[in-house]
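J.: For the sequence shown, our numbering gives the first residue as 262, with consecutive numbering after it.
The structure under discussion is supplied below as structure tokens; questions concerning it will follow.
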Amino acid sequence: MVHGLLGGRYELTAQLGRGGMGQVWAAADRRTGGRVAVKLLTHETIAGRSDPAELIRRFSREVSVTSGFSHPGVPAVHDTGIYEGGLYLVMDLVEGRTVDALVAEEGPLPAGTAAAAGVQICAVLAHAHARGLVHRDIKPQNLMVTPDGTVKVLDFGIASVLDTDTKITQTGAALGTVAYMSPEQVRGEPVGPRTDLYALGCVLYEMLAGRRVFSGVSPHSLGYQHLERAPEPIGRADVPVDLERLILQMLAKDPAQRPTGAEEVRARLLPHAAGARALTVPPPRLDVTALPAGASARTLPPVTTVPPMTAVPPPPGFPPPIPQPLPYTGHHPVQQQRLGVGWHLLHSLWVLPTFSIGMLPWAAFLYIGIRHRHRVWLATALAYLALTIAMLVVIVTTPDSELGPNGNPVAAMTFLIVMTLVPPVHAFLVNIQRLRLRAQPPPHHHRRR
262 MVHGLLGGRY
272 ELTAQLGRGG
282 MGQVWAAADR
292 RTGGRVAVKL
302 LTHETIAGRS
312 DPAELIRRFS
322 REVSVTSGFS
332 HPGVPAVHDT
342 GIYEGGLYLV
352 MDLVEGRTVD
362 ALVAEEGPLP
372 AGTAAAAGVQ
382 ICAVLAHAHA
392 RGLVHRDIKP
402 QNLMVTPDGT
412 VKVLDFGIAS
422 VLDTDTKITQ
432 TGAALGTVAY
442 MSPEQVRGEP
452 VGPRTDLYAL
462 GCVLYEMLAG
472 RRVFSGVSPH
482 SLGYQHLERA
492 PEPIGRADVP
502 VDLERLILQM
512 LAKDPAQRPT
522 GAEEVRARLL
532 PHAAGARALT
542 VPPPRLDVTA
552 LPAGASARTL
562 PPVTTVPPMT
572 AVPPPPGFPP
582 PIPQPLPYTG
592 HHPVQQQRLG
602 VGWHLLHSLW
612 VLPTFSIGML
622 PWAAFLYIGI
632 RHRHRVWLAT
642 ALAYLALTIA
652 MLVVIVTTPD
662 SELGPNGNPV
672 AAMTFLIVMT
682 LVPPVHAFLV
692 NIQRLRLRAQ
702 PPPHHHRRR
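Rendered as structure tokens:
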């Protein structure tokens with residue numbers, strides 16, 4: 262045992278950040294002389310959680326998933342262990358800039374440059390998906406561009422393994438960032454490889470447009486837009502039509518309408534990446550908090566090494582996690598909020614024009630179609646408008662003799678009855694769906710490094 266060194270070899274030098282899974286530090290490897298990144302899960306972090314055993318399971322899962330995943334686009338895991346302050350994980354130190362920082366500084370990127378980055382990300386995702394892994398948290402903050410132009414995909418630790426039945430239950434846990442969360446994640450449904458394609462579509466859109474696909478003041482509003490709103494056009498004349506078409510297909514609400522897999526997306530991005538300028542970043546400017554000279558030797562407690570790539574035991578005072586396979590493919594939706602009668606009435610007022618004897622149902626569906634950018638409802642509004650016009654034409658052109666007491670205006674009466682009864686029933690059924698979507702509770706997401 263050596264005081265001040267993790268595992269007798271890792272000296273913490275600068276804090277790189279902290280998030281839901283603990284702290285991340287740059288460290289010097291005394292054995293090799295190289296630099297590594299160390300993720301710490303401290304006792305304070307564990308004790309501050311409502312379910313400490315679940316956090317330990319997640320940390321152990323990150324070790325298992327990341328150590329078994331070998332790809333140039335993913336930081337490699339070198340070591341793991343336990344010390345008196347908690348648990349630690351040692352991996353490659355990736356120096357560079359995150360994609361969100363690049364877009365914030367440079368604005369929209371050239372189409373070819375964004376496509377070239379997408380090709381690299383797709384190579385990682387294809388490798389992961391072929392092994393049953395879904396990242397579930399693809400976002401600009403988890404994509405690091407190194408000085409040589411390589412794009413590294415970070416944080417595979419919350420990845421799920423397909424075709425598993427075990428559920429690690431944590432009510433309200435939604436591990437993706439809402440701005441890049443797929444509709445199926447918002448609804449709490451199982452995820453799959455096409456979930457990552459949706460998130461990557463959000464990233465590519467942001468790289469080209471310089472803005473997020475959707476913006477909102479709350480997770481609730483963002484989640485609702487992912488469910489209901491169609492993305493705005495990217496709005497750049499220099500973005501090839503087929504590239505924008507690919508990105509919008511990746512953003513389809515229905516996973517079945519997205520590309521078949523990361524390999525297909527990669528193949529469709531390659532023509533746009535040919536000859537493009539690669540992403541480049543200046544020498545790393547890490548936002549770090551350096552330790553004072555000699556601080557680590559005074560403050561780090563004794564540590565005990567654990568053989569690399571083994572399950573991480575819980576720290577003293579916490580029960581061992583229940584042995585379980587890797588997690589299920591989705592997450593549990595948060596508890597539904599109870600909404601009052603007034604809320605339901607307020608959001609149902611749009612149906613009133615459908616009771617206008619067939620004259621204004623088109624206006625009701627036009628309102629919700631425009632309000633929510635819902636193409637099906639807009640098409641319904643046009644259909645009702647056409648039926649209203651047809652009804653008026655039939656009534657106007659019906660001979661006066663048929664409209665009299667002894668007449669039999671079959672066509673006019675049929676139109677009138679249908680347009681009086683059908684629109685309110687249709688609107689009632691649509692309103693049930695609309696209220697359910699608007700009442701969708703906001704996903705709770707963890708802030709990550």
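Glycine residues also receive a C-beta, built at the ideal position from the N, C-alpha and C atoms.
(1) Scan the segment 315-350 and note each continuous beta strand (DSSP E) run of 3 residues or more that stays entirely inside, going in chain order.
(2) Between which two residues does the alpha helix (DSSP H) harbouring G373 extend?
(3) Would you kindly work out how many angstroms separate the C-alpha atoms of A227 and R473, rounded to a whole number?
(4) Do you know whose CA, among H633, L461 and A470, lies nearest A491's CA?
(5) Measure the CB-CB distance between L530 and A391 and report whether it falls below 7 Å.
(6) I'd like to know whether the C-beta atoms of V395 and V452 end up nearer to each other than 7 Å.
(7) Give the straight-line distance between the Cα atoms of A534 and E305, rounded to the nearest whole angstrom.
(8) Cβ of V299 within 7 Å of Cβ of A289?
(9) Take the Cβ of Y589 as the centre, count every other Cβ of all protein chains shown within 10 Å, and call the residue buried at 16 or more, exposed below.
(10) If distances are taken between C-alpha atoms only, which option among T681, V671 and T274 comes closest to P660?
(11) Do you know whose CA, among E445, L461 and P532, lies nearest E489's CA?
(12) M652 and M680: beta carbons closer than 7 Å?
(13) State the Cα-Cα distance for the pair V637 and G630, rounded to the nearest angstrom.
(14) Leaving aside the five residues before and after L639 along the sequence, list all residues of the same chain whose C-beta is less than 6 Å from its C-beta, in chain order.
(15) Which same chain residues end up closer than 6 Å to H332 when comparing Cβ atoms and leaving out the 5 residues on each side of it in sequence?
(16) Apply the 10 Å Cβ neighbour rule to W604 and answer buried if 16 or more other Cβ atoms are within range, or exposed otherwise.
(17) Would P684 and P622 qualify as a contact pair, given that the criterion is a beta-carbon distance under 7 Å?
(18) Buried or exposed: D499, going by 16 or more other Cβ atoms within 10 Å of its Cβ?
(19) Could you name the residues of the same chain whose beta carbon sits closer than 6 Å to that of E505, not counting the 5 residues immediately before and after it, in chain order?
(20) Could you please give me the residues that DSSP links to R279 through a beta bridge?
(21) Can you name, in chain order, every residue of its own chain whose Cβ lies under 7 Å from the Cβ of R270, other than the five neighbours on each side?
(22) Could you check which residue in D503, S443 and W286 has the C-alpha nearest to that of A513?
(23) From G484 to I650, what does the alpha carbon distance come to, in whole angstroms?
(24) Within 10 angstroms of the Cβ of I583, are there 16 or more other Cβ atoms? Answer buried if so, exposed if not.
(25) CA-CA distance, K400 and S617?
(26) By how many angstroms is the C-alpha of G477 removed from the C-alpha of Q596?
(27) Excluding the 5 residues flanking F689 on each side, which residues of the same chain have their C-beta closer than 8 Å to its C-beta?
(28) For R506, does the three-state DSSP call read helix, strand or coil?
(29) Spatial neighbours of L302 within its chain, please: CB distance less than 6 Å, with the 5 preceding and 5 following residues excluded, ordered by chain position.
(30) In three-state terms, what does DSSP make of M442?
(31) If you count every other CB in all the chains shown that lies within 10 Å of the CB of L458, and 16 or more means buried, which is it?
(32) Can you name the start and end residues of the alpha helix (DSSP H) that V299 belongs to?
(33) Considering M712, what are the terminal residues of the beta strand (DSSP E) in which it resides?
(34) Would DSSP call L267 helix, strand or coil?
(35) List the endpoints of the continuous alpha helix (DSSP H) containing V526.
(36) Which of the three DSSP states is assigned to L273 in this structure?
T.: Well, looking at it:
(1) 338-344
(2) Counting from one through the sequence shown, the residue named residue 373 turns up at place 112. Looking at the DSSP string, the run of the alpha helix (DSSP H) that includes G373 is A372 to H390.
(3) With the chain covering only 262 through 710, there is no way to say anything about residue 227.
(4) On the sequence shown, residue 491 is found 230 positions in, with the first residue counted as 1. Checked all of H633, L461 and A470; the closest Cα to A491 is H633.
(5) The residue labelled residue 530 in the question sits at position 269 within the sequence shown. The residue labelled residue 391 in the question sits at position 130 within the sequence shown. Not in contact: L530 and A391 (Cβ atoms no closer than 7 Å).
(6) The residue given as residue 395 occupies position 134 in the sequence shown. The residue given as residue 452 occupies position 191 in the sequence shown. It is a contact, given that the beta carbons lie within the stated cut-off.
(7) Numbered from its first residue, the sequence shown carries residue 534 at position 273. Numbered from its first residue, the sequence shown carries residue 305 at position 44. Their backbone Cα atoms lie some 46 Å apart in a straight line.
(8) By 1-based counting over the sequence shown, the position of residue 299 is 38. By 1-based counting over the sequence shown, the position of residue 289 is 28. Not a contact, by the Cβ cut-off of 7 Å.
(9) In the sequence shown, the residue the question calls residue 589 occupies position 328. With a pLDDT of 39 at Y589, under the threshold of 50, the modelled position of this residue cannot be trusted; read the value that follows with caution. Buried, since its Cβ has 16 or more Cβ neighbours within 10 Å.
(10) The residue labelled residue 660 in the question sits at position 399 within the sequence shown. Comparing Cα-Cα distances from P660 to each of T681, V671 and T274, the minimum goes to V671.
(11) Residue 489 sits at position 228 when you count from the first residue of the sequence shown. Selected option, being the one with the closest Cα: E445.
(12) Here residue 652 corresponds to residue number 391 of the sequence shown, with the count starting at 1. Here residue 680 corresponds to residue number 419 of the sequence shown, with the count starting at 1. Yes, Cβ-Cβ distance for M652 and M680 is below 7 Å.
(13) Residue numbering aside, residue 637 sits at position 376 when the sequence shown is read from its first letter. Residue numbering aside, residue 630 sits at position 369 when the sequence shown is read from its first letter. Whole-angstrom Cα-Cα distance: 8 Å.
(14) Within the sequence shown, residue 639 is the residue found at index 378, counting from 1. So the qualifying residues of the chain are G630.
(15) Residue 332 sits at position 71 when you count from the first residue of the sequence shown. For H332, where only same-chain residues beyond five positions count, the Cβ hits under 6 Å are V385 and H388.
(16) Residue numbering aside, residue 604 sits at position 343 when the sequence shown is read from its first letter. Per the 10 Å Cβ criterion, exposed.
(17) Taking the sequence shown and counting its residues from 1, one reaches residue 684 at position 423. Taking the sequence shown and counting its residues from 1, one reaches residue 622 at position 361. In contact: P684 and P622 (Cβ atoms closer than 7 Å).
(18) Position 238 of the sequence shown, counted from the start, is the residue given in the question as residue 499. Exposed is the call here.
(19) For this step, residue 505 is matched to residue 244 along the sequence shown. The answer, listed in chain order, is I495.
(20) Mapped onto the sequence shown, residue 279 falls at position 18. Its beta-bridge partners are Q284.
(21) To locate residue 270, count along the sequence shown from 1; it is residue 9. The answer, listed in chain order, is D290, R291 and R292.
(22) Along the sequence shown, one-based indexing puts residue 513 at 252. Nearest of D503, S443 and W286 to A513, Cα basis: S443.
(23) The residue you call residue 484 lines up with position 223 of the sequence shown. The residue you call residue 650 lines up with position 389 of the sequence shown. Using only the alpha carbons, I get a separation of about 37 Å.
(24) Working through the sequence shown from its first residue, we reach residue 583 at position 322. Note that I583 has pLDDT 42, beneath the 50 cutoff, so the model's placement of it is unreliable and the number below is only indicative. Counting Cβ neighbours within 10 Å, I583 comes out exposed, since fewer than 16 surround it.
(25) By 1-based counting over the sequence shown, the position of residue 400 is 139. By 1-based counting over the sequence shown, the position of residue 617 is 356. Roughly 48 Å between the two C-alpha positions.
(26) For the purposes of this step, residue 596 is taken as the residue at position 335 of the sequence shown. For the purposes of this step, residue 477 is taken as the residue at position 216 of the sequence shown. In this predicted model, Q596 has a pLDDT of only 42, less than 50, meaning its place in the structure is not dependable; the value taken from the coordinates is given anyway. Their Cα atoms are separated by approximately 21 Å.
(27) Within the sequence shown, numbered from 1, the residue matching residue 689 stands at position 428. Closer than 8 Å at the Cβ level, and outside the excluded window around F689, lie V612.
(28) Position 245 of the sequence shown holds residue 506. If DSSP states are grouped into helix, strand and coil, R506 belongs with the helices.
(29) Residue 302 sits at position 41 when you count from the first residue of the sequence shown. Result list for L302: G283, F320, G347 and L348, in chain order.
(30) Taking the sequence shown and counting its residues from 1, one reaches residue 442 at position 181. In this structure, M442 counts as coil in the three-state DSSP scheme.
(31) Translated into the one-based positions of the sequence shown, residue 458 becomes position 197. Buried is the call here.
(32) Here residue 299 refers to the residue found at position 38 of the sequence shown. Counting along the chain, V299 falls outside any alpha helix (DSSP H), though it belongs to the beta strand (DSSP E) covering R296 to T303.
(33) Not covered by the structure: residue 712. The range shown for the chain is 262 to 710.
(34) Position 6 of the sequence shown, counting from 1, holds the residue named residue 267. L267: strand per DSSP, three-state reduction.
(35) Counting from 1 along the sequence shown, the entry for residue 526 is found at position 265. It spans A523 to A534 - the alpha helix (DSSP H) in which V526 sits, taken as one unbroken run.
(36) Here residue 273 refers to the residue found at position 12 when the sequence shown is read from its first residue. Three-state result, L273: strand.
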